[in-house]
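I have placed the structure first, in the form of structure tokens, so that the comments after it can refer back to it.
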Amino acid sequence: MTVVTRFAPSPTGYLHIGGARTALFSWLYARAKGGKFLIRIEDTDKERSTQAAVDAILDGLNWLGLGGDEPPLLQSTRADRHAEIAHELVKRGSAYHCPVTAEELQARRDEAEALQQKKAANGSLSDADAARMADLLRPFRSPWRDPTRPLPAGAPTVVRLRMPDIGDLTVTDNVQGTVSRAYADIDDLIVLRSDGTPTYMLAVVVDDHDMGVTHVIRGDDHFLNTFRQLPIYHGMGWPQPDYSHIPLIHGSDGKKLSKRHGATAVDEYRDVLGYLPEAMRNYLLRLGWSHGDDEIISDEQAIVWFGLEGLNKAPARLDFVKLDSVNKHYMALADDQRLFELWMQRPEARHLPEVIQQRIRAAMPHLKTRAANLVKLGEQARFLTNLRPIHLTGKAADQVNAEARARLAALLPHLEGLAEWSEAVIQAQLSQFCAQSGISMGKIGPVLRAVLTAGAPSPDITLVLALLGRNEAFARIADHADAGA
RNA sequence: GGUCCCUUCGUCUAUCGGUUAGGACAUCUGGUUUUCAACCAGGGAAGAGGGGUUCGACUCCCCUAGGGACUGCCA
């Protein structure tokens, strides 16, 4: 049997970081088993679905390298098929037409809530009220589930699933284990609305079946839904998929992830926070899945190692500090030109003068090993992007006293005549200067760094000189050198 | 209210009845050092609480507490 997994987002917004992880697991499992990974857009709610959201989600998936093996399927295109199955379920006795209106159902919920509030206010309820509330809160059972009860003529109906009266339904899940629920605790859910359109519960099952999905990996907010979907498989006599319900990702305080925890949208991780997709994959993979003590796991290794048995049952918290450290690892490995291009797409880089952009391009091999993400890369590159005259403050300013100015002035001629402006040549010249002047590198290094970088983070001072280029380095030194001393 | 799920260092996790409870990130101390980063050496840090079962429990069972999910003609 060929493994088929899928990712089925509803297009009501951006790609959520939790969804991205779900997609990653599904994608990895398909890759690991030599199967197929499919994408289905669950756009049966026309009110809330937008094309912009579809584009954003696909864009996020593509950035993460989690494209489907076939073009994405739009669920809305399959409404006829869904309706066909709904009617087939009725024909087979697994479902029935029900004329109870949405308003009547809402009235029930309102009444239940009113009673709950009454209880909260009074501390208790009369026996009659308590019984009424318990009844209202029980899974809905329509009077028309009785097949002999005649439907009112001309009234619009929905199609409801007929849950068995007795017995339990058992779900075996790779993450949640074996869990049973009484059918009595499951409602006669609606599969086809009164306007003839399918609901989510029906559409998911029909599409998963028709797409040949063998393994469903999804958030555990869907776990209880499994008990409502399985009866559809049973009603149609279809084989049920293998389920893995993974825990949701939480914020740093352990609460459900929301905006106040930082980024929830995948495109923010790319555009604002400056992370690399391969780092996101590695970090997300380790969030809720493990393979012994392994932390840094390449895509190739992940595909070999990934399995459902490594999934964790408890929700994990997002930790940007750890993400930074993982990203840092991949930054150092990344191609220089690629990083330069990514950096150039950032707003803070786009408007820099061409000469400075080129300076950064040349410095990339040294910059990339020092930064945890593209934002930090900018901080590490600040010594290259500072414009003259460089204003010195704090410790940098303290370094530059009269003695230091004189030293700089003395050094200038030594650098002036260099045939080649390379790290090695500069290094040799600096050493020679120190030897001649009878001083150690410690006497000139800090001063040079001060006037060259103004105290900004920077690599070895010789490298700083080389990366700045002859003219810029010279000018920065000359700005603070005092030939008169 | 009901049903279901979760709980090991600050965080991600290993452990699948017998370990000095391991690793990573973070943190602290020392070293290196021309800033920052890196690097080297070392340290601190955990089984939510309470009952069982067992020769023995982080591991199995129950209760409590805390967290979460579902309970829509949303997905």
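In terms of the working numbering, the first sequence opens at residue 711 and continues consecutively.
Built from N, CA and C at the ideal position, the CB exists for glycine as well.
Less than 9 Å between the beta carbons of residue i and residue j, yes or no?
{"i": "Arg-870", "j": "Ala-805", "result": "yes"}
{"i": "Pro-951", "j": "Val-923", "result": "yes"}
{"i": "Tyr-953", "j": "Val-881", "result": "yes"}
{"i": "Lys-829", "j": "Asp-820", "result": "no"}
{"i": "Ile-956", "j": "Phe-717", "result": "no"}
{"i": "Phe-850", "j": "Asp-897", "result": "yes"}
{"i": "Ile-959", "j": "Ile-767", "result": "no"}
{"i": "Tyr-1040", "j": "Leu-986", "result": "yes"}
{"i": "Ala-748", "j": "Thr-712", "result": "According to the sequence provided, residue 748 is Leu. The question's Ala does not apply to it. Against a cut-off of 9 Å, the Cβ pair of Thr-712 and Leu-748 comes out as no contact."}
{"i": "Phe-1050", "j": "Arg-1080", "result": "no"}
{"i": "Arg-1027", "j": "Asp-931", "result": "no"}
{"i": "Asp-1046", "j": "Lys-1078", "result": "yes"}
{"i": "Ser-1058", "j": "Gly-1088", "result": "The amino acid occupying residue 1058 in the given sequence is Glu; Ser does not appear at that position. Yes. Within cutoff."}
{"i": "Val-1161", "j": "Asp-1192", "result": "no"}
{"i": "Ala-733", "j": "Leu-783", "result": "no"}
{"i": "Asp-920", "j": "Arg-788", "result": "yes"}
{"i": "Asn-1022", "j": "Gly-998", "result": "yes"}
{"i": "Thr-754", "j": "Pro-908", "result": "yes"}
{"i": "Asn-1037", "j": "Asn-1111", "result": "no"}
{"i": "Met-873", "j": "Tyr-893", "result": "yes"}
{"i": "Ile-1187", "j": "Leu-1102", "result": "no"}
Can you look up residue i in the DSSP assignment and give me helix, strand or coil?
{"i": "Arg-928", "result": "strand"}
{"i": "Ile-896", "result": "coil"}
{"i": "Ala-975", "result": "strand"}
{"i": "Val-800", "result": "helix"}
{"i": "Ser-954", "result": "strand"}
{"i": "Ala-1026", "result": "strand"}
{"i": "Val-868", "result": "strand"}
{"i": "Phe-1016", "result": "coil"}
{"i": "Arg-859", "result": "coil"}
{"i": "Trp-999", "result": "strand"}
{"i": "Lys-746", "result": "strand"}
{"i": "Arg-716", "result": "strand"}
{"i": "His-1039", "result": "helix"}
{"i": "His-726", "result": "strand"}
{"i": "Leu-902", "result": "strand"}
{"i": "Pro-1169", "result": "coil"}
{"i": "Leu-1021", "result": "strand"}
{"i": "Pro-1063", "result": "coil"}
{"i": "Phe-1184", "result": "helix"}
{"i": "Pro-874", "result": "coil"}
{"i": "Ala-941", "result": "Correcting the residue type first, residue 941 is Pro in the shown sequence and not Ala. Helix at Pro-941."}
{"i": "Pro-908", "result": "strand"}
{"i": "Val-982", "result": "coil"}
{"i": "Lys-756", "result": "coil"}
{"i": "Gly-1194", "result": "Low confidence applies here, because Gly-1194 scores a pLDDT of 48, under 50, leaving its location unreliable; read the following figure in that light. The answer is coil: DSSP assigns Gly-1194 none of H, G, I, E or B."}
{"i": "Arg-1056", "result": "coil"}
{"i": "Gly-770", "result": "helix"}
{"i": "Ser-1132", "result": "coil"}
{"i": "Asp-839", "result": "helix"}
{"i": "Asp-1046", "result": "helix"}
{"i": "Phe-850", "result": "coil"}
{"i": "Pro-949", "result": "coil"}
{"i": "Ile-1149", "result": "coil"}
{"i": "Asp-1189", "result": "coil"}
From the DSSP secondary-structure annotation, give me the bridge partner or partners of residue i.
{"i": "Lys-966", "result": "His-960"}
{"i": "Ile-751", "result": "Leu-784"}
{"i": "Asp-920", "result": "DSSP, once it has assigned bridges, lists no residue as partnering Asp-920."}
{"i": "Val-1174", "result": "In DSSP, Val-1174 forms no bridge with anything."}
{"i": "Arg-891", "result": "Leu-879"}
{"i": "Leu-934", "result": "Answer is none; Leu-934 lacks a bridge partner."}
Run the proximity test for residue i: is its beta-carbon closer than 8 Å to any non-hydrogen atom belonging to the ligand PLP?
{"i": "Lys-1038", "result": "The ligand PLP is absent from the structure shown, which contains no ligand whatsoever."}
Ranges of the alpha helix (DSSP H) found wholly within the segment 1086-1128, counting only runs of at least 4:
1092-1095, 1104-1109, 1112-1126
Which residue spans inside the segment 786-837 form an unbroken alpha helix (DSSP H) run of at least 4?
789-801, 812-832
For the 8 Å Cβ check, are there 3 or more pairs between the segment 1162-1173 and the segment 1092-1108?
yes
The segment 1015-1032 touching the segment 738-748, judged by at least three CB pairs closer than 8 Å:
yes
Would you say the segment 810-826 touches the segment 843-858, given that touching needs at least three Cβ pairs under 8 Å?
yes
Cβ contact (3+ pairs, closer than 8 Å) linking the segment 884-893 and the segment 959-974:
no
Do the segment 1065-1073 and the segment 1120-1139 meet, that is, are 3 or more Cβ pairs less than 8 Å apart?
no
Specify whether the segment 1049-1064 and the segment 989-996 touch according to this definition: at least 3 beta carbon pairs, one from each stretch, less than 8 Å apart.
no
Report yes or no: do the segment 790-810 and the segment 755-766 share at least 3 C-beta pairs separated by less than 8 Å?
no
Meets three-Cβ-pair contact criterion under 8 Å: the segment 1145-1156 and the segment 1110-1121
yes
Is the segment 1124-1136 close to the segment 1169-1180, with three or more CB pairs under 8 Å?
yes
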